[in-house]
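To keep things clear, I will list the structure first and then write my remarks on it.
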Amino acid sequence: MANGPRISIRNGRLIDPASGLDGEADLHIADGKVLAIGPAPSGFQPDRTLDARDQLICPGFVDLCARLREPGHEHKATIASETRAAAASGVTTICCPPDTLPVIDTPAVAQLVSQTAERHGFARVVPAGAVTQGLKGAKITEMAALKQAGCPVLSQADSPIRDTQVQRRAMEYATTFGLTVFLHPQDAALSEEGCAHEGLVSTRLGLPGIPEAAETVAVARDLALAEQTGARIHFRGLSTARGVAMLAEARRRGIQVTADVSMHQLFLTEDDLECFDANCHLIPPLRTHADREALRTAVASGVISAICSDHQPHDADAKLAPFPETAPGISALETLLPLALRLADEGVMDLATLIERLTHGPATILGRALGRIAPGAPADICVFDPETTWVVNPATLISHGLHTPFNEQEMRGRVSWTLLGGRIVFER
Amino acid sequence: MSKQNPQLDAQGNLKHFLTTEGLSRDLLTDILDQAEGFLGVAQQAVKKVPLCRGKVIANLFFETSTRTRTTFELAAKRLSADVLNLNISTSATAKGETLLDTLRNLEAMHVDMFVVRHATSGAAHFIAAHADPHVSVINAGDGRHAHPTQAMLDMFTIRRHKQDFSRLRVAIVGDIMHSRVARSQILALKTLGVPEVRVIAPSTLMPNGIEEAFGVRAYHDLREGVRDVDVIIMLRIQHERMNSSLLPSEHEYFRLFGLTEERLSTAQPDAIVMHPGPINRGVEMDSQVADGPRSVILEQVSNGIAVRMAVMSMCIGTQNLKSQPQGDVDG
């Protein structure tokens, strides 16, 4: 992406927690990289100047989990459609789980995904390689080859490994190559057939439940294995207060573990399942108010160091069935920024901390030098207007996924420009 | 779907009957009162009233059932409706047709009411949300969620024997976890003012947080649980729960939770025993109790027809209100 245009972004408030920046500063970009912060270098002639008055400038967001559905599920969405939605949402880097068809368990599929994304040029797409072949939980993948093909991390997507011996060996083998293993902590047997948090609401509605222990049993197992093997693991999408407490304790003891949370888990609870709203069918399930509060606190304190969209675009039919038979997951890229701003509004944490959890925090987990604004760093930039309001509805969404529990809600905060490697990939 | 009660029209009339949750005591009492009126129809020489004449009612059973389907069919016929019986479990879904496809096809036949049974919780709500606005939906059992007409026929049977709900202790015994009947009964009992509802089951069949979720008291001991109660409702235990991780054997279940004359002795002397059927004799209760003087099990079946007539005619009545041109001015 060299020889990109020269761009100056002027008059905005620049926030980059990783570089300790928060204040009015101009940003100058050339050759795809950040050239200077503050006054323009002498003789710098921008091809274009963006006036960011009353706007915020921050690193482009790094999303550790968004489904693009390609290859294999193009009837739901494509790499082109979802990376375009990402650009409109200020997301410049996406890590996509390997549950495509075919599964990202060979270098060929990994390269197909990243090359297709590169061709469209809306966002950096980093494929997570599968931990086991076909995600079947039996035979491990050629992890060295996957790493070479551009997979910085490995994942089992939503298919937990039942066999603890396989899990242990997969972790051990991954450590050979310094690969972080992403784990969705959900015990396979305890969560079987469940579609809602096992608690008051599932009891009242008669929905098959997923108990809190489905998460804590998996967290306990995987922490013990990480300690045993020295593997570096990352819990994708924690949902319970007890899971968070176990994570905090493990981190104190020096186990190499990180975690993220899906943005919707910081807002919704089991109470939102009333009337069997399929847009609230999520895995892990929406849990209790107390769980939500613990997750919020953990993000603020840094025990959970990243927030994901957990974007899962679906076709219309996937949600047109009785609640338990619908596909879990929601379209979430485009509500990521406004929901983050809502967290700041509600006093959960300050804006700088939030931006850190959406940029440098996840970039560190991916092991990529992204998510910060510094001279010489790739110019992945999001400029947004924190005051503009808009109403979520299928007509306003760019993603092919139109299912969101935030439908018809007013959102505050909208992206004005997104720059990827110094090029404007979105402007409103 | 809107967060307002999806069962009521804008004027608060019963349009669908999906669950006993969220309905007022007046409305539930109205159902019982109307059912009282229909009880006499079975004694007439001509067992028909013309309330649903010219209407088409489709029994959509995605799960097999003889008893419930038959009583719905009979109720619809006594209301003079045309009845379609569809056992979908064996036909359409096996060919890959979705629930919504099935619904659309039947709507094209101008069906006025769907009576739906489905193995998935929330199915009746789903159908009500997606059906044509003039169609009513009656839930004949969805997964573990609700079976509101069964609950109302049980309320009807209780009222015929006990009159005043506000002085009753009611115990529900058995597989509370998987029971849509229990959920609908508990909600109806609470709405009708029953001060003490008890649920009795081993922990594996007791859903998480039941006391807080429903305002009931949980017991693991049958003898203690039925002490001084006025009504005992036994639930059916599916065979597949036995010899699994839920229950070790029928033998142990009956020994601990089976109702016998001897275990009944701690209940009120005039306590009645109910069961939604079909009974597993020697598992849920012994024959002495099932056929004994306190059993009102067969009465429940006859009452079922009257209660279903009441619910169906009320929903159809709500449709008729709508179709009259100047029915409601402020609409």
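Protein chains in written order, with this note's numbering: chain A, 1 to 428; chain B, 1001 to 1331.
Built from N, CA and C at the ideal position, the CB exists for glycine as well.
Treat the numbers as computed from the prediction; the structure is a model and nothing was measured.
So which residues of chain A does residue i contact, with C-beta pairs closer than 8 Å?
i: Ser-1121/B; result: Leu-205, Gly-206, Leu-207, Pro-208, Phe-276, Pro-322, Phe-323 and Pro-324
i: Pro-1006/B; result: Cys-275
i: Arg-1180/B; result: Gly-206
In this structure, what does DSSP give as the bridge partners for residue i?
i: Arg-1217/B; result: Arg-1198/B
i: Arg-1069/B; result: Paired residues: none, contrary to the question.
i: Glu-427/A; result: Trp-417/A
i: Ala-1171/B; result: Arg-1198/B and Ile-1232/B
i: Asp-260/A; result: Ala-306/A
i: Lys-33/A; result: Ala-30/A and Pro-378/A
i: Leu-56/A; result: Arg-13/A and Phe-384/A
i: Asn-1059/B; result: Asn-1085/B and Val-1115/B
i: Val-391/A; result: Glu-410/A
i: Ile-7/A; result: Ile-29/A and Arg-48/A
i: Thr-132/A; result: Ile-140/A
i: Phe-432/A; result: Given that chain A is displayed from residue 1 to residue 428, the structure contains no residue 432/A and the question cannot be resolved.
i: Leu-1014/B; result: Leu-1008/B
i: Ala-66/A; result: His-311/A
Alpha helix (DSSP H) containing residue i: first to last residue?
i: Glu-192/A; result: Looking at the DSSP string, Glu-192/A is not in any alpha helix (DSSP H), and its letter there is neither H nor E.
i: Glu-293/A; result: 289-301
i: Glu-1036/B; result: 1025-1039
i: Lys-147/A; result: 143-148
i: His-311/A; result: Per DSSP, His-311/A belongs to no alpha helix (DSSP H) and is neither H nor E.
i: Arg-13/A; result: First-last for Arg-13/A: 13-16, but that is the beta strand (DSSP E), not the alpha helix (DSSP H).
i: Gln-1042/B; result: With the sequence shown as reference, residue 1042/B is identified as Ala, and Gln is not the correct amino acid for it. No alpha helix (DSSP H) contains Ala-1042/B, which DSSP labels as neither H nor E.
i: Asp-1101/B; result: 1099-1107
i: Arg-124/A; result: From DSSP, Arg-124/A is part of no alpha helix (DSSP H) but of the beta strand (DSSP E) over 124-127.
i: Ala-88/A; result: 79-88
i: Ile-94/A; result: Where Ile-94/A is concerned, there is no enclosing alpha helix (DSSP H), although the beta strand (DSSP E) it sits in stretches over 91-96.
i: Lys-1190/B; result: 1180-1191
i: Glu-172/A; result: 164-176
i: Arg-1223/B; result: 1222-1225
Give the range of the beta strand (DSSP E) segment to which residue i is assigned.
i: Ser-159/A; result: Ser-159/A -> no beta strand (DSSP E), and no H or E assigned at all.
i: Val-109/A; result: Note, Val-109/A: premise wrong, no beta strand (DSSP E); alpha helix (DSSP H) at 107-120.
i: Phe-182/A; result: 180-183
i: Gly-23/A; result: 21-24
i: Thr-49/A; result: 48-51
i: Val-62/A; result: 61-63
Which residues in chain B sit within 9 Å of residue i, going by Cβ to Cβ distance?
i: Gly-243/A; result: Within chain B, no residue comes near Gly-243/A; the closest Cβ sits about 17 Å away, beyond 9 Å.
Assuming residue i and residue j form a contact by the criterion Cβ under 8 Å, report the distance between their Cβ atoms to the nearest whole angstrom.
i: Ile-373/A; j: Leu-56/A; result: That belief does not hold up - the Cβ atoms of Ile-373/A and Leu-56/A are roughly 12 Å apart, past 8 Å.
i: Leu-146/A; j: Gly-134/A; result: Wrong, their Cβ atoms sit about 14 Å apart, outside the cutoff.
i: Asp-380/A; j: Pro-185/A; result: In fact, because the Cβ distance is near 30 Å, the residues do not count as touching under 8 Å.
i: Ser-262/A; j: Cys-308/A; result: 5 Å
i: Asp-1112/B; j: Val-1135/B; result: 6 Å
i: Thr-1191/B; j: Thr-1020/B; result: 7 Å
i: Asn-279/A; j: Ile-330/A; result: 6 Å
i: Ala-340/A; j: Leu-354/A; result: 5 Å
i: His-1285/B; j: Leu-1259/B; result: Note on residue identity: the sequence assigns Met, not His, to residue 1285/B. Their Cβ separation, rounded to whole angstroms, is 4 Å, which keeps Met-1285/B and Leu-1259/B in contact under 8 Å.
i: Arg-1308/B; j: Ala-1075/B; result: 4 Å
i: Ile-1186/B; j: Gly-1225/B; result: No, Ile-1186/B and Gly-1225/B are not in contact; Cβ-Cβ is about 14 Å, not under 8 Å.
i: Asn-1208/B; j: Gly-199/A; result: 6 Å
i: Ala-1310/B; j: Gln-1034/B; result: 4 Å
i: Thr-93/A; j: Arg-124/A; result: 4 Å
i: Leu-64/A; j: Arg-236/A; result: 7 Å
Which bits of chain B does residue i rub up against, with CB to CB less than 7 Å?
i: Gly-199/A; result: Asn-1208 and Gly-1209
Closer than 8 Å by beta-carbon distance: list the chain D residues that pair up with residue i, in chain order.
i: His-1145/B; result: You won't find chain D in this structure, because its protein chains are A and B.
Since residue i meets chain A, which of its residues come closer than 7 Å, beta carbon to beta carbon?
i: Glu-1212/B; result: Leu-200
i: His-1220/B; result: In chain order: nothing, as chain A lies at least about 17 Å away.
i: Arg-1078/B; result: Within 7 Å Cβ-Cβ: nothing; Arg-1078/B doesn't reach chain A, min ~30 Å.
Under 9 Å between beta-carbons, which chain A residues line up against residue i? List them in chain order, please.
i: Thr-1098/B; result: Asp-317, Leu-320 and Ala-321
i: His-1118/B; result: Pro-322
i: His-1125/B; result: Cys-275, Phe-276, Pro-322 and Phe-323
i: Arg-1236/B; result: Ordered by position in chain A, no residue passes the 9 Å Cβ test against Arg-1236/B, which lies about 15 Å from the chain.
i: Arg-1183/B; result: Thr-203, Arg-204, Leu-205 and Gly-206
Run the proximity test for residue i: is its beta-carbon closer than 8 Å to any non-hydrogen atom belonging to the ligand MG?
i: Ala-1182/B; result: Ligands in the displayed structure: none, and consequently the ligand MG is not present.
**Study point:** 3 or more residues per run - each beta strand (DSSP E) lying fully within the segment 1257-1321 of chain B
**Key:** Those beta strand (DSSP E) runs which fall completely within the segment 1257-1321 of chain B and span 3+ residues are 1272-1274.
Practice item. Pick out the complete alpha helix (DSSP H) segments inside the segment 193-253 of chain A, 4 residues or longer, and give them in chain order. Key: The segment 193-253 of chain A contains these whole alpha helix (DSSP H) runs: 200-205, 212-229 and 241-252.
**Study point:** In chain order, each alpha helix (DSSP H) run of at least 4 residues that lies wholly inside the segment 327-387 of chain A
**Key:** Qualifying alpha helix (DSSP H) stretches, in chain order: 336-345, 351-358 and 360-366.
Point to revise | Contained beta strand (DSSP E) runs [length at least 3] in the segment 1119-1170 of chain B, N- to C-terminal order | key: Within the segment 1119-1170 of chain B, the complete beta strand (DSSP E) runs of at least 3 residues are 1136-1142.
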